[in-house]
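*Asks:* Numbering (the working numbering), first residue to last: 938 to 1187.
#1: In angstroms with no decimal places, state the Cα-to-Cα distance between residue 1081 and residue 1155.
#2: Note down the Cα distance separating residue 1187 from residue 1173, rounded to an integer number of angstroms.
#3: What number of angstroms, rounded off, separates the C-alpha of residue 1090 from the C-alpha of residue 1065?
#4: Whole beta strand (DSSP E) runs in the region 1094-1152 with 3 or more residues, listed along the chain?
#5: Can you grab the Cα-Cα spacing for the pair residue 1086 / residue 1030, in whole Å?
#6: Mind reading off the beta-carbon distance from residue 1118 to residue 1041? Whole number of angstroms is fine, and I expect it under 8 Å.
#7: Could you pull out every residue in the same chain whose Cβ sits closer than 7 Å to the Cβ of residue 1139, ignoring the five residues on either side in sequence?
#8: Under 6 Å Cβ to Cβ from residue 970, same chain only, skipping five residues before and after it: list those, please.
#9: Residue 1132: buried (16+ other C-beta within 10 angstroms of its C-beta) or exposed?
#10: Taking buried to mean at least 16 other C-beta atoms within 10 Å of its own C-beta, is residue 950 buried or exposed?
#11: Would you identify the three-state DSSP class for residue 1033, choosing helix, strand or coil?
#12: Taking the continuous alpha helix (DSSP H) assigned at residue 990, which residues delimit it?
Printed below as a string of C-alpha cells:
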C-alpha cells in the first residue's frame, strides 16, 4: 500500500483518475477487456469528472460494477447511487460493454444472488473506492465482516455512517437515511487487482489515520487495504493532516 498526497481535492482527482485510466487501458491491452468497480459519494466527484473527460479508453471493452446501494430507495431520489452513476458517469461516456448497478428496490437477497453470479465471472482489474468517516469500506461499517466470501451482502448502517450521509446533504433529515444497504463485501473488494482509494477532506482525517496507522482490524474496516499488494491511497493535505508515521509514497 502506498499514498499520494495532493494539495486539494481537484489535484487529487486528476492524479487518481490518471491512475485509473492507466489501469483500465492496461487491462484492455492485456486481455481485451477491463472489469472495474466504481464508488459513489462526494469523495469520487473529481476522480469521475476527470475519467469521463478522457478520450483514450475504449468503453465498449469495459464492464462496470458498483459498490453499494441503499435498500428500498427509489432511483429517483437524490441519494440514489444508481442515479449518481448514471448522471456522473454512464450518461457521459460512450456505451460500456456492460454495467451492473445494484437495485436496492429488488428483494435484497435475490439481488445479492443476481450480482454474485455475475461478478464471479468477472475478476476485477481496477476498483475505485473511498472510505467513510467511520472508516467503512463500501458500506461495511465497523465491525465489518472480514470473513464472508459472498461478493455482495446485506448490511446494517451504523449511526455515524447515516449521519455522514445526512451531513453531506443527500437527505433532508437523518430519519430519511435508510438503515440497510446492499454492499460489496470486504473480501470481494480486496480481490481487485488494483485498488484506487480516493479520500479528500479534513473530516476524513481521523478515518485516514485509523486506516493507515492502526493494526488491521474490522473495527477500522479500511485498514484491510494495508494488506493489498496494489493499493494506493490518494489523499489531500487536509485528509492526511493527522498522519504521523512514515508511509511509502508514490
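Cβ atoms here follow ideal geometry from the backbone N, Cα and C, with glycine treated the same way.
Keep in mind it's a predicted model, so treat the numbers as computed, not measured.
*Replies:* Inspection of the coordinates gives the following:
#1: Sequence index remark: in the chain shown, residue 1081 carries index 144 (1-based). Sequence index remark: in the chain shown, residue 1155 carries index 218 (1-based). One C-alpha to the other measures close to 5 Å.
#2: As a working mapping, residue 1187 is identified with position 250 in the chain shown. As a working mapping, residue 1173 is identified with position 236 in the chain shown. Annotation note: pLDDT 47 at residue 1187 (below 50); position unreliable, no value reported.
#3: As a working note, residue 1090 is residue 153 in the chain shown. As a working note, residue 1065 is residue 128 in the chain shown. Between residue 1090 and residue 1065, the C-alpha separation is close to 19 Å.
#4: Those beta strand (DSSP E) runs which fall completely within the region 1094-1152 and span 3+ residues are 1117-1121 and 1131-1136.
#5: If you number the chain shown from 1, residue 1086 lands on position 149. If you number the chain shown from 1, residue 1030 lands on position 93. About 32 Å.
#6: Within the chain shown, residue 1118 is the residue found at index 181, counting from 1. Within the chain shown, residue 1041 is the residue found at index 104, counting from 1. In this structure residue 1118 is in contact with residue 1041, their Cβ atoms being roughly 7 Å apart against a cut-off of 8 Å.
#7: Residue numbering aside, residue 1139 sits at position 202 when the chain shown is read from its first letter. 1175, 1176 and 1178.
#8: Taking the chain shown and counting its residues from 1, one reaches residue 970 at position 33. Closer than 6 Å at Cβ, skipping near neighbours: 998.
#9: Stepping through the chain shown from its first residue, residue 1132 is reached at position 195. That one is buried.
#10: Here residue 950 corresponds to residue number 13 of the chain shown, with the count starting at 1. Residue 950 should be labelled buried.
#11: Translated into positions along the chain shown, residue 1033 becomes position 96. In the structure shown, residue 1033 sits in coil (DSSP, three-state: anything other than H, G, I, E or B).
#12: In the chain shown, counting from the first residue as 1, residue 990 sits at position 53. Element bounds for residue 990: 982-990.
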